[in-house]
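These protein sequence lines are chains A and B, in that order. Be aware that the first sequence starts at 1, since it is given in our numbering, and climbs by one per residue. Be aware that the second sequence starts at 1001, since it is given in our numbering, and climbs by one per residue. Each remark here refers to the structure printed beneath this line.
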Amino acid sequence: MARLIETSLWIDFTRAGTPSARKLAIQPWILDAEACLCEPVAFEVLRHATPKERQRIEAHFATLPLLATPPQLWRDATRLGQRCRDQGLNAGSLDLIITTIALHHEAELVTGDADYAAIARIAPFPLKLLP
Amino acid sequence: MKITVELPESELREICEITGIHKKGPAIRKLLSDSLMLQRRARIAQRFLSGEWSAELDDYEATKKAERAEARTLAEQWRD
């Protein structure tokens, strides 16, 4: 099963100030042979990177398979957002987009962001929430 | 570049099985490129882990928080 490494883990893994224990907990997931990337995760990370940081992160991202963006992404993400809203959850747009891509590819979403757990309670999907 | 490498028949069968590619040449090529990709990833990850490389990605949390707040605001504005 493909494992989609979500933005929050990349942020924690690349920051100088992240405690070593946290980085060591994330490392095996990044090195997993099934680890992969998707366009919105790359977007969320790279939009905040300085020119020097961009080069390094892009080199890292180039070593991961990219989950294709499904053509019906916007429609599916809209429906997912509506399901969430009907249950009283106003999920972030990018959270819905990333979840939709994971659902489409039947990939496990590996994240440190508890907001995805709230989405998974409404639309169950394989989720690994790192503490 | 072409090179000649000797491999036991059993390993070739295993390589085809692992990669899911029946043709031996392409199967070996896939195994090598996948392995090289993982090695490259491990080397870069080690640089981030050791602190030799880092990226602060300032404003990530602020942007995320603002986007989620906007989602809440829009939902409240459209409430029935």
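Using N, Cα and C, we set each Cβ at its ideal position, and we do this for glycine too.
Chain-ordered residues of the stretch 1037 to 1056 of chain B with a beta carbon less than 7 Å from chain A: Met1037, Leu1038, Arg1040, Arg1041, Ala1042, Ile1044, Ala1045, Phe1048, Leu1049, Gly1051, Trp1053, Ser1054, Ala1055 and Glu1056
Best match in A/Tyr116, A/Ala118, A/Ile122 and A/Thr111 for proximity to A/Leu9 [C-alpha to C-alpha]: As a working note, residue 9 of chain A is residue 9 in the first sequence. It is A/Thr111 whose Cα lies nearest to the Cα of A/Leu9.
Beta-carbon proximity list for A/Leu94, same chain, < 7 Å, skipping 5 on both sides: Translated into the one-based positions of the first sequence, residue 94 of chain A becomes position 94. Pro40 and Glu44, listed in sequence order.
Residue from A/Phe125, A/Thr14, A/Met1 and A/Ile30 whose Cα sits closest to the Cα of A/Leu64: Translated into positions along the first sequence, residue 64 of chain A becomes position 64. If we check each option's Cα against that of A/Leu64, A/Ile30 comes out closest.
C-beta atoms of A/Tyr116 and A/Thr99 nearer than 8 Å: Counting from 1 along the first sequence, the entry for residue 116 of chain A is found at position 116. Counting from 1 along the first sequence, the entry for residue 99 of chain A is found at position 99. It is a contact, given that the beta carbons lie within the stated cut-off.
Cβ pair B/Arg1068, A/Gly92 closer than 8 Å: Numbered from its first residue, the second sequence carries residue 1068 of chain B at position 68. Numbered from its first residue, the first sequence carries residue 92 of chain A at position 92. Against a cut-off of 8 Å, the Cβ pair of A/Gly92 and B/Arg1068 comes out as a contact.
Neighbour flag for B/Ala1075 against chain A, beta carbons, 8 Å: Here residue 1075 of chain B corresponds to residue number 75 of the second sequence, with the count starting at 1. Yes - at least one Cβ of chain A is within 8 Å of the one on B/Ala1075.
C-beta contact flag for A/Glu53 and A/Met1 at 8 Å: Along the first sequence, read from residue 1 onward, the residue named residue 53 of chain A stands at position 53. Along the first sequence, read from residue 1 onward, the residue named residue 1 of chain A stands at position 1. No.
Neighbourhood of A/Asp12 by C-beta distance below 8 Å, restricted to the same chain and skipping five residues each side: Along the first sequence, read from residue 1 onward, the residue named residue 12 of chain A stands at position 12. Thr18, Arg22, Lys23, Ile26 and Gly112, listed in sequence order.
Residue interval of the beta strand (DSSP E) (run including A/Thr111): As a first step, residue 111 of chain A is located in the first sequence; it is residue number 111 there, counting from the start. Counting along the chain, the beta strand (DSSP E) containing A/Thr111 begins and ends at Glu108 to Thr111.
Extent of the continuous alpha helix (DSSP H) run through B/Arg1041: Against the second sequence, residue 1041 of chain B aligns to sequence position 41. Segment Lys1024 to Ser1050, the alpha helix (DSSP H) holding B/Arg1041.
CB of A/Ile97 within 8 Å of CB of A/Leu66, strictly: By one-based count along the first sequence, residue 97 of chain A stands at place 97. By one-based count along the first sequence, residue 66 of chain A stands at place 66. Cβ distance not < 8 Å, so A/Ile97 and A/Leu66 don't count as in contact.
Short CB-CB distance (under 8 Å) between A/Glu53 and chain B: Walking along the first sequence from the start, residue 53 of chain A turns up at place 53. Taking Cβ atoms only, chain B reaches closer than 8 Å to A/Glu53, which makes this a yes.
For A/Arg47, the first and last residue of its enclosing beta strand (DSSP E): Locating residue 47 of chain A in the first sequence gives position 47, where the first residue counts as 1. No beta strand (DSSP E) holds A/Arg47; DSSP gives it neither H nor E.
Pick from A/Ala59, A/Leu103 and A/Gln87 that is closest to A/Asp76, judged by C-alpha positions: In the first sequence, residue 76 of chain A corresponds to position 76, counting from 1. A/Asp76 has its Cα closest to that of A/Leu103, out of A/Ala59, A/Leu103 and A/Gln87.
Below-8 Å beta-carbon distance, B/Glu1067 vs any chain A residue: Taking the second sequence and counting its residues from 1, the one referred to as residue 1067 of chain B is at position 67. Yes - at least one Cβ of chain A is within 8 Å of the one on B/Glu1067.
Close-in-space but distant-in-sequence residues of the same chain around A/Lys118 (CB under 6 Å, 5 per side omitted): Walking along the first sequence from the start, residue 118 of chain A turns up at place 118. The sequence shown places Ala at residue 118 of chain A, rather than the Lys named in the question. Answer for A/Ala118: Leu89, listed in chain order.
Reference B/Arg1029, options B/Glu1052, B/Val1005 and B/Ser1010, closest by Cα: On the second sequence, residue 1029 of chain B is found 29 positions in, with the first residue counted as 1. Among B/Glu1052, B/Val1005 and B/Ser1010, the Cα nearest to that of B/Arg1029 belongs to B/Val1005.
DSSP state of A/Ala2 mapped onto helix, strand, coil: For the purposes of this step, residue 2 of chain A is identified with residue 2 of the first sequence, where counting begins at 1. Coil.
Straight-line gap, A/Thr69 to A/Arg56 (C-alpha atoms, nearest Å): Numbered from its first residue, the first sequence carries residue 69 of chain A at position 69. Numbered from its first residue, the first sequence carries residue 56 of chain A at position 56. Going from the Cα of A/Thr69 to the Cα of A/Arg56 covers about 24 Å.
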